[in-house]
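Going by the numbering used here, the residue at position 118 of the sequence shown is 123; the numbering climbs one at a time, nothing skipped.
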Amino acid sequence: IALLFFSFTTFKNKSGKEKLPWYYKNIGLGFKTLKEAIEGIYIDKECPFTGNILSGVVTKMKMERTIVIWRDYLHCIRKYNRFEKRHKNMSVHLSPLLRDVQIGDIVMVGECWPLSKTAHFSVLKVTKAAGTKKQFQKF
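See below:
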C-alpha cells in the first residue's frame with residue numbers, strides 16, 4: 006500500500022491555479038503501491054509507515070476504519086527449556102482503500118506512529134482466508 010504525505014507548499018499547475026502537491030511513499034519489501042494512491046484519488050494521512058512488519062488474523066471489524074487482529078507467538082520458559090503458545094489482540098488501522106477485508110483473512114501490518122490510544126499499526130496487505138472447507142490455517 007502506498008502511504009501519502011500532504012505538503013503545505015504550493016505550486017502552479019499548467020492552468021495557473023495554485024495546487025497543493027501530495028507525495029506517495031513506496032515502502033518496498035514487495036508491497037505494491039496502489040493505483041489510487043499514485044493518481045491521488047484518495048489521501049490517507051493516517052498511514053505513515055516507519056517500522057516493523059507483522060501478520061495476524063482478522064477477528065473483529067466493528068470499529069470504523071479500525072480492525073482487531075489476533076497474533077500468535079511462542080514465549081520461551083528458560084527454566085524448562087520449552088516454549089508456550091501465547092497470543093495478543095491488536096487494534097490496526099484499515100485504510101478505506103482496502104474494502105474487501107473479511108473476518109478470518111490474514112493481514113500484514115506495518116508499524117507507524119500512534120494513530121489512537123490503541124492503534125499503532127496500519128494494514129499493508131490482505132490475504133484472503135481459505136474457503137469453508139476444513140483445513141490447516143497459518144495461525
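All residues carry an ideal CB built from backbone N, CA and C; glycine is no exception.
Using 8 Å as the threshold, is the C-beta distance between Asp77 and His92 below it? yes
Quick check: the Cα distance between Lys133 and Met113, rounded to an integer number of angstroms? 12 Å
What separation, rounded to the nearest whole angstrom, lies between the Cα atoms of Ser100 and Ser127? 8 Å
Look at the alpha carbon of Ser12 and the alpha carbon of Leu79, and state the distance between them as a whole number of angstroms. In this prediction, Ser12 scores a pLDDT of 38, lower than 50, which makes its location untrustworthy; the coordinate-derived value is nonetheless stated afterwards. About 42 Å.
Strictly by DSSP, which residues pair up with Met95? Ile74
For Asp110, I'd like the list of residues in its chain whose CB is within less than 8 Å of its CB, leaving aside the five on either flank, ordered along the chain. Val62, Val63, Val131, Thr132, Lys133 and Ala134
Rounded straight-line distance, which links the Cα of Phe36 to that of Met68: 25 Å
Express the C-alpha separation of Ser96 and Met66 in angstroms, rounding to a whole number. 10 Å
On the DSSP bridge assignment, give the partners of Arg83 in chain order. None; Arg83 has no bridge partner.
Reducing DSSP to helix, strand and coil, say where Gly35 ends up. coil
Express the C-alpha separation of Lys90 and Ile72 in angstroms, rounding to a whole number. 23 Å
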